[in-house]
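In the numbering used here, the protein residues as written are 5 to 466. Below is one structure; the comments refer to it alone.
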């Protein structure tokens with residue numbers, strides 16, 4: 005038997021292992037290339053490397069007391085993972101990137117399993133496509149919580165799909181437990197609890213379960229979410245007298261959501277709006293006779309949210325809708341390759357800091373201003389994004405024809421994240437959608453292949 009035949013036999017006999025090994029190999033090669041030929045494992049900030057041990061200390065998992073309260077800026081699951089790596093001497097970014105790569109390879113397997121629930125070949129294609137998906141590969145090589153979150157969310161999708169088919173207590177509890185851990189990995193998932201709770205009861209009734217049974221299944225889901233969320237909320241209540249997950253919302257709303265709205269409404273530069281929001285926050289502190297260092301991070305978060313919400317409420321609905329539409333467009337269309345640190349090193353300007361008359365001019369100036377190599381990479385990436393979007397839309401149509409309820413739930417998940425991300429656009433914020441997009445793209449690709457095969461066969465017969 006030739007090596008090619010052995011590989012084919014292994015893939016046929018062990019499809020999930022094949023997907024995992026293939027995906028892991030690609031991610032290890034990516035980490036190796038970043039380490040050897042240039043690039044970074046840390047972008048945006050070094051929060052996880054700096055404050056993870058403080059989260060572990062605050063929970064009592066490690067000796068000592070946190071040096072400050074800055075660690076509550078993020079939720080604790082990924083910081084606790086990083087703290088564990090640091091405690092055993094593997095806290096260097098490259099080891100965390102390799103761990104993320106392993107998680108992402110498992111995500112590819114879950115995507116394959118989701119595809120296999122509809123059709124075996126769809127599972128193989130979707131798993132293989134996920135293994136080579138640029139956005140997943142790039143972010144798995146960074147010290148961010150996204151790889152863990154996408155893994156958890158993919159597992160939630162699988163458990164939810166199984167519940168949609170079987171409506172058992174075990175799948176309800178598993179879905180809730182995974183969602184709870186996803187929430188304390190990235191709080192963007194917290195608003196999914198009420199609609200999924202209702203959906204579980206409705207699905208149970210659809211499967212002709214009793215009202216009591218449907219209620220019990222919904223409660224089982226809620227109990228599952230509490231396994232991970234209640235300890236975090238209790239910690240914050242005891243230590244900071246606040247029943248919130250983190251203190252990131254205020255900063256996000258004031259400095260990332262409001263500025264794009266004001267840029268649309270009256271052309272105010274983003275940096276100027278950020279300065280204005282900061283000024284209002286400082287004025288409020290002075291008016292109340294307190295300093296920022298004298299109040300808890302949760303109080304800072306509350307004040308920033310109040311300022312941001314007040315500004316949004318007086319903004320034009322059209323400006324808000326336009327800013328959201330731009331953010332959704334960027335999230336869906338922006339090439340993932342642009343987030344890669346090796347490509348970002350080629351950029352000489354920031355997209356968000358550019359001031360232009362309109363959105364298209366801003367994109368054009370950004371691409372042209374960063375040089376020819378960057379421009380070529382942008383065009384190639386944009387073409388890939390357009391093809392992917394087209395195939396995923398076609399896949400959504402095919403999914404609707406196969407199972408309209410699955411299509412509805414997939415569509416609602418996509419809409420949820422797009423609306424919640426709002427005017428903040430980046431391939432990073434598309435990550436929770438990628439498992440669904442990969443599946444839809446795979447389904448659309450197979451649909452086109454079947455259409456071409458049928459047409460070719462008819463020509464041969466003629």
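By construction, the Cβ of each residue, glycine as well, lies at the ideal position given by its N, Cα and C atoms.
{"Asked": "Leaving aside the five residues before and after residue 294 along the sequence, list all residues of the same chain whose C-beta is less than 8 angstroms from its C-beta, in chain order.", "Found": "none"}
{"Asked": "Under the three-state reduction of DSSP, which class applies to residue 367: helix, strand or coil?", "Found": "helix"}
{"Asked": "In the structure shown, what three-state DSSP assignment does residue 457 receive?", "Found": "helix"}
{"Asked": "Which residues bound the alpha helix (DSSP H) around residue 352?", "Found": "No alpha helix (DSSP H) contains residue 352, which DSSP labels as neither H nor E."}
{"Asked": "Please report how far the alpha carbon of residue 333 lies from the alpha carbon of residue 219, in whole angstroms.", "Found": "39 angstroms"}
{"Asked": "Compare the Cα-Cα distances from residue 276 to each of 268, 263, 149, 69 and report the closest residue.", "Found": "263"}
{"Asked": "Run through the region 298-359 for me and flag every whole alpha helix (DSSP H) of 4 or more residues, listed as ranges in chain order.", "Found": "301-317, 321-337, 345-348"}
{"Asked": "Can you give the beta carbon distance from residue 441 to residue 396, rounded, assuming they're within the 8 angstroms contact cut?", "Found": "5 angstroms"}
{"Asked": "With distances taken from CA atoms, which of 83, 50, 73, 53 is nearest residue 65?", "Found": "83"}
{"Asked": "Tell me which residues share the same chain as residue 169 and place their Cβ nearer than 8 angstroms to its Cβ, disregarding the 5 neighbours each side in the sequence.", "Found": "121"}
{"Asked": "Could you pull out every unbroken alpha helix (DSSP H) segment of at least 4 residues lying fully inside the region 154-240, listed in chain order?", "Found": "173-187, 197-210"}
{"Asked": "In this structure, how does DSSP classify residue 281 when only helix, strand and coil are distinguished?", "Found": "helix"}
{"Asked": "Going by other Cβ atoms of all chains shown within 10 Å of its Cβ, with 16 needed for buried, is residue 127 buried or exposed?", "Found": "buried"}
{"Asked": "Let me know if residue 279 comes out buried or exposed under the rule of 16 or more other beta-carbons within 10 Å of its beta-carbon.", "Found": "exposed"}
{"Asked": "According to DSSP, is residue 246 part of a helix, a strand, or is it coil?", "Found": "coil"}
{"Asked": "Among 158, 253, 408, which one has its Cα closest to the Cα of residue 130?", "Found": "158"}
{"Asked": "Closest to residue 188 by CA distance: which of 79, 285, 370 is it?", "Found": "79"}
{"Asked": "Where residue 51 and residue 258 are concerned, what is the direct C-alpha to C-alpha distance, given to the nearest angstrom?", "Found": "20 angstroms"}
{"Asked": "So, under 8 angstroms CB-CB, residue 156 and residue 117 are touching, yes? Tell me the CB distance rounded to an integer number of Å.", "Found": "Actually they are not in contact, since the Cβ atoms of residue 156 and residue 117 sit about 15 angstroms apart, beyond 8 angstroms."}
{"Asked": "Should residue 439 be labelled buried (16 or more other beta-carbon atoms within 10 Å of its own) or exposed?", "Found": "buried"}
{"Asked": "Given residue 43, which residues of its chain have a CB within under 6 angstroms of its CB, disregarding the five upstream and five downstream residues?", "Found": "345, 346"}
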